[in-house]
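Chemist:
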Amino acid sequence: MSLGLTACKENAPPKTEPAASAPAPVAAAPAASHGKFEVPPGQLDDYYSISSGGHSGEVRIYGVPSGREIKRIPVFNIDPMVGWGITNESKAIIGTKPDGSLKYKTGDTHHVHGSYTDGTYDGKYVWVNDKLHGRVARIRCDTFECDKITELPNIQGQHGLFTDKRDPVDQSINHTTRVFAGAEFHIPLPNDGRDVNSPEKYGCLFTCLDADSMEVKWQCHVDGNMDLVATSYDGKLAASNQYNTENGVHYEDMMSAERDACVFFNIARIEEAVKAGKFVTIGDLKVPVVDGRAKANADPKTALTCYVPVPKNPHGVNVSPDGKYFVCSGKLSPTATVIATELVEKWFDGEGKEPRDCVVGEPEIGLGPLHTAFDNKGNAYTTLFLDSMIVKWNVDAAIKSFAGDKNAKVVLDRIDVHYQPGHGYTSMGETKEADGRFFNSGNKFSKDRFLPVGPLHCETEQLIDITSDKMVLISDHTAYPEPHDAIIVARNKIKTRQIYDMDEFPHAVKDPKSQTITRNGKKVTIQLASQAPAYSMREFTVKQGDEVTIILTNHDKVEDLTHGFGIPKYDICFIVNPQQTASVTFKADKPGVFWCYCTHFCHALHLEMRSRLIVEKA
Ligand code: CUK
Ligand code: CUA
Ligand code: CA
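Quick note on my numbering: the sequence shown kicks off at 584 and runs consecutively.
#1: Please report the distance separating the alpha-carbon of T746 from that of T700.
#2: Starting from the Cα of L627, find the closest Cα among E928, P894, I653, V642 and give me that residue.
#3: Could you name each continuous beta strand (DSSP E) segment of 3 residues or more that falls completely within the stretch 915–955, going from the start of the chain to the end?
#4: For ligand 3, which residues count as neighbours when the test is a C-beta closer than 6 Å to any heavy atom?
#5: With a Cβ-Cβ cutoff of 7 Å, do F789 and V799 count as a contact?
#6: Compute the Euclidean distance between the alpha carbons of E1191 and A1117, then round it to the nearest angstrom.
#7: Please tell me whether, using a cut-off of 6 Å, the distance from the CB of C1181 to the nearest non-hydrogen atom of ligand 4 is below it.
#8: May I ask you to check if the CB of H1146 is nearer than 6 Å to at least one heavy atom of ligand 1?
#9: What do you get for V695, buried or exposed, if any count of 16 or more other CB atoms within 10 angstroms of its CB means buried?
#10: Hey, Y964 and G1007 are a contact pair by Cβ (cut 8 Å); roughly how many whole angstroms apart?
#11: Between the beta-carbon of H1186 and the beta-carbon of A1112, is there less than 7 Å?
#12: CB of G1005 to nearest heavy atom of ligand 1: below 6 Å?
#13: Taking 8 Å as the cut-off, does the stretch 910–921 touch the stretch 879–899 (at least 3 CB pairs, one atom from each stretch)?
#14: Relative to the alpha-carbon of A986, which residue among M809, G951, G944 has its alpha-carbon at the smallest distance?
#15: Which residues in the same chain as A1201 place their Cβ atom closer than 7 Å to its Cβ, once the five residues preceding and following it in sequence are excluded?
#16: Compute the beta-carbon to beta-carbon distance between G706 and C724, rounded to the nearest angstrom, for a pair I have assumed lies under 8 Å.
#17: Output yes or no for whether 7 Å exceeds the beta carbon distance between G1005 and L950.
#18: For S1119, which of helix, strand or coil comes out of DSSP?
#19: To the nearest angstrom, how far is it from the Cα of A822 to the Cα of V812?
#20: Does ligand 2 have even one heavy atom less than 6 Å from the beta-carbon of C1185?
#21: Return yes when the Cβ of V1159 is within less than 7 Å of the Cβ of N1137, no when it is not.
#22: Kindly list the residues whose CB is nearer than 6 Å to the CB of G1147, restricted to its own chain and excluding five residues on each side of it in sequence; keep chain order.
#23: Can you look up K592 in the DSSP assignment and give me helix, strand or coil?
#24: Can you tell me whether D793 sits near ligand 1, meaning its C-beta is under 6 Å from at least one heavy atom of the ligand?
#25: Below 8 Å, can you find three or more Cβ-Cβ pairs linking the stretch 929–944 to the stretch 980–997?
#26: For V1055 versus Y704, is the C-beta distance shorter than 7 Å?
#27: Should K989 be labelled buried (16 or more other beta-carbon atoms within 10 Å of its own) or exposed?
#28: Mind checking who E1042 pairs with in its DSSP beta bridge?
#29: Taking the continuous alpha helix (DSSP H) assigned at A886, which residues delimit it?
#30: Grouping DSSP H, G and I as helix and E and B as strand, with all else coil, what is V857?
#31: Quick check on the burial criterion: 16 or more other C-beta atoms within 10 angstroms. Buried or exposed for Y834?
#32: Any heavy atom of ligand 1 inside 6 Å of the beta-carbon of H1067?
#33: Does the distance between the C-beta of H1189 and the nearest non-hydrogen atom of ligand 1 fall short of 6 Å?
#34: Here's the rule: buried if 16 or more other CB atoms are within 10 angstroms of the residue's CB, otherwise exposed. What is G875?
#35: Rounded to a whole number of angstroms, what is the C-alpha to C-alpha distance between G678 and I656?
#36: What span of residues does the beta strand (DSSP E) with E767 cover, start to end?
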């Protein structure tokens, strides 16, 4: 403690004026400046961090700078706390098989990106990918609940995802109009059993979705694969880094070339080609697929794509907040590659020569660079997986150095992180309002940072103060495996609501005293209301073999007055928030008495809040 305090006095910059010359903190005093960023009990964080949850299939919300986990949003997973994957409404969003069971129970989220207006978050939606089953989900930010999921055709490994940053085109929709998604794995087209042993015939498609309808608008067939996706601020360009331009099927083959690429998509030209009917369809699907492969796009003036060579198996592509540069991290090369947006646009205008000429900087920054984030002062922060470090470097200096200036000071600072960082992201860093306050390092290994809990360690999220010349580690917090990317959104961008409107649910049970049981052959519908501390029916009787649907509307209007509904032995468990309606359907195949009880602590008589489901023997 005393050591930490001493270090604090010596190292922490004063509150108002960041000290430019503060000495670097040592790893042994990580709490050096925590006090300054402490969020005291009862106070709120400055930012929402909206984070992917990896193969948990969910999305999470953390407070920044406290690191408090505030919410888990079930998306591609099943969550009995809210009943996600259990209620009919959530099953319809996830997608069901003809027998009513879920099509998928698993998912793998990596990249969360928000809707934009004026080059910054408008707080309406975020989208997230599912690498496992090739899906894209939308989450509305007023309730932080998933409202739509689309499975993309003709692809596998939907990895990179980014939203359109240009202003909404259709004012009636008033949010980001397109979402772009890159496929990481190449597959036979169509993948119906043909060409399985002819990898040279496999293909990878880049997908554009309509952000409002969530329908697939078009796809673009590329050479090689795609990893991450980034977009320009004007809606003209999207880009994806490629680590497998070799089209290898084994990892050795995927790293045989010295350079891979960052592929740029000329969005307007692709949309013109689709309009003009210059596309194919695959199998019996109707989605237009344009040809973005290099051979078909040799003339820059008509090209849909531009492949900019980048060393070697790059990972990550990120756009600087001024929109001027796309930066790829080298992964197997100790470099970052700076590509000028303007030069890519010029190449498409036929004013460039080789695509490689669009590269304006390629600084050596350290080992295993993966992802880059930006502050508001022209600096970049790249995670170094192998070095277990974050490196801070200046973009303009990197460009000068590339042009031959030997005095350009590119690398400005390094800081150890614990350990092996994957994504790094800054506060508001993917908007024009990057504020240069915080950098979060998402570390893949925590090793000794927390109490040991058996073979699986949690991960570490480390928050770093980037307001002064030297990066300062503020805090560690745990993260359940495994978050990848996140966005740090200023809290004033988000306006949530706490109570639903009953009319949002067409099947709402409007009568708070509802006793309605409707029978239609073997189908029984029970319309139930909840109001603390009781359900409107104390008991309801069905016959063994009936297909029972229970529709439950929560009539409580008090913020956070949520009720649950669990049915023993029938595997039913879900909640209804204030004024919300949810329903479940199940086969009453077991005779007996089943106490339906409130699972969510709501009232002093919460334990008494139950109803009797009686299933009469057939
Ligand atoms: S990928 Cu996870 S660390 Cu899926 Cu964004 Cu780079
Ligand atoms: Cu209602 Cu607990
Ligand atoms: Ca490669």
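Just so you know, even glycine gets a beta-carbon here, dropped at the ideal spot from N, CA and C.
Modeler: Result, derived from the coordinates:
#1: The sequence position of residue 746 within the sequence shown is 163, counting from 1. The sequence position of residue 700 within the sequence shown is 117, counting from 1. The straight-line gap from Cα to Cα measures roughly 11 Å.
#2: For the purposes of this step, residue 627 is identified with residue 44 of the sequence shown, where counting begins at 1. The option with the nearest alpha carbon to L627 is I653.
#3: Within the stretch 915–955, the runs of beta strand (DSSP E) at least 3 residues long that lie entirely inside it are, in chain order, 919–923, 942–944.
#4: Y826, N827, T828, E829, M837, M838, A840, D843, N896
#5: Taking the sequence shown and counting its residues from 1, one reaches residue 789 at position 206. Taking the sequence shown and counting its residues from 1, one reaches residue 799 at position 216. No, they are not a contact pair.
#6: As a position in the sequence shown, residue 1191 is number 608, starting the count at 1. As a position in the sequence shown, residue 1117 is number 534, starting the count at 1. Computed Cα separation, rounded: 8 Å.
#7: Absence of ligand 4 is noted for the structure shown, with ligand 1, ligand 2 and ligand 3 being the only ligands found.
#8: Along the sequence shown, one-based indexing puts residue 1146 at 563. H1146 Cβ: outside cutoff for every heavy atom of ligand 1.
#9: Position 112 of the sequence shown, counting from 1, holds the residue named residue 695. So V695 counts as buried.
#10: As a first step, residue 964 is located in the sequence shown; it is residue number 381 there, counting from the start. As a first step, residue 1007 is located in the sequence shown; it is residue number 424 there, counting from the start. Indeed, because the Cβ distance is near 6 Å, the residues count as touching under 8 Å.
#11: Reading the sequence shown from its first residue, position 603 is the one you call residue 1186. Reading the sequence shown from its first residue, position 529 is the one you call residue 1112. Taking 7 Å as the Cβ cut-off, H1186 and A1112 do not qualify as a contacting pair.
#12: Looking up residue 1005 in the sequence shown gives position 422. Yes.
#13: Output reads yes: the stretch 910–921 touches the stretch 879–899.
#14: The residue labelled residue 986 in the question sits at position 403 within the sequence shown. Looking at the Cα atoms, G944 is the closest of the given residues.
#15: What you label residue 1201 is simply residue 618 of the sequence shown in a count that begins at 1. Contacts found: K1126, Q1127, G1128.
#16: As a position in the sequence shown, residue 706 is number 123, starting the count at 1. As a position in the sequence shown, residue 724 is number 141, starting the count at 1. Confirmed, Cβ separation roughly 5 Å.
#17: For the purposes of this step, residue 1005 is taken as residue 422 along the sequence shown, with counting starting at 1. For the purposes of this step, residue 950 is taken as residue 367 along the sequence shown, with counting starting at 1. Not closer than 7 Å, so no.
#18: Counting from one through the sequence shown, the residue named residue 1119 turns up at place 536. Under the three-state reduction of DSSP, S1119 is assigned to coil, being neither helix nor strand.
#19: Translated into the one-based positions of the sequence shown, residue 822 becomes position 239. Translated into the one-based positions of the sequence shown, residue 812 becomes position 229. The alpha-carbon of A822 is positioned some 6 Å away from that of V812.
#20: On the sequence shown, residue 1185 is found 602 positions in, with the first residue counted as 1. Because some heavy atom of ligand 2 lies under 6 Å away, the Cβ of C1185 counts as near it: yes.
#21: Here the question's residue 1137 lines up with position 554 in the sequence shown. Here the question's residue 1159 lines up with position 576 in the sequence shown. Yes.
#22: Here the question's residue 1147 lines up with position 564 in the sequence shown. Answer for G1147: I1158, C1181, T1182, H1183, listed in chain order.
#23: Here the question's residue 592 lines up with position 9 in the sequence shown. Only weak support is given to the placement of K592: the predicted model assigns it a pLDDT of 34, under 50, and the question is left unresolved by the model.
#24: Counting from 1 along the sequence shown, the entry for residue 793 is found at position 210. D793 Cβ: outside cutoff for every heavy atom of ligand 1.
#25: yes
#26: For this step, residue 1055 is matched to residue 472 along the sequence shown. For this step, residue 704 is matched to residue 121 along the sequence shown. No; because the gap between Cβ atoms is not below 7 Å, this pair is not in contact.
#27: Mapped onto the sequence shown, residue 989 falls at position 406. Classification of K989: exposed, given that the 10 Å Cβ count is below 16.
#28: As a working mapping, residue 1042 is identified with position 459 in the sequence shown. Per DSSP, A1062.
#29: For the purposes of this step, residue 886 is taken as residue 303 along the sequence shown, with counting starting at 1. Here A886 belongs to no alpha helix (DSSP H), and DSSP marks it neither H nor E.
#30: Indexing the sequence shown from 1 puts residue 857 at position 274. Of the three classes helix, strand and coil, the one that applies to V857 here is helix, per DSSP.
#31: By one-based count along the sequence shown, residue 834 stands at place 251. The residue is exposed, with fewer than 16 neighbouring Cβ atoms inside 10 Å.
#32: The count along the sequence shown starts at 1 and reaches residue 1067 at position 484. Checking the Cβ of H1067 against ligand 1 gives yes.
#33: The count along the sequence shown starts at 1 and reaches residue 1189 at position 606. Taken from the Cβ of H1189, every heavy atom of ligand 1 lies 6 Å or farther away.
#34: Within the sequence shown, the letter at position 292 stands for residue 875. With 16 or more Cβ atoms within 10 Å of its Cβ, G875 is classed as buried.
#35: For the purposes of this step, residue 678 is identified with residue 95 of the sequence shown, where counting begins at 1. For the purposes of this step, residue 656 is identified with residue 73 of the sequence shown, where counting begins at 1. Their Cα atoms are separated by approximately 17 Å.
#36: Looking up residue 767 in the sequence shown gives position 184. First-last of the beta strand (DSSP E) with E767: 761–768.
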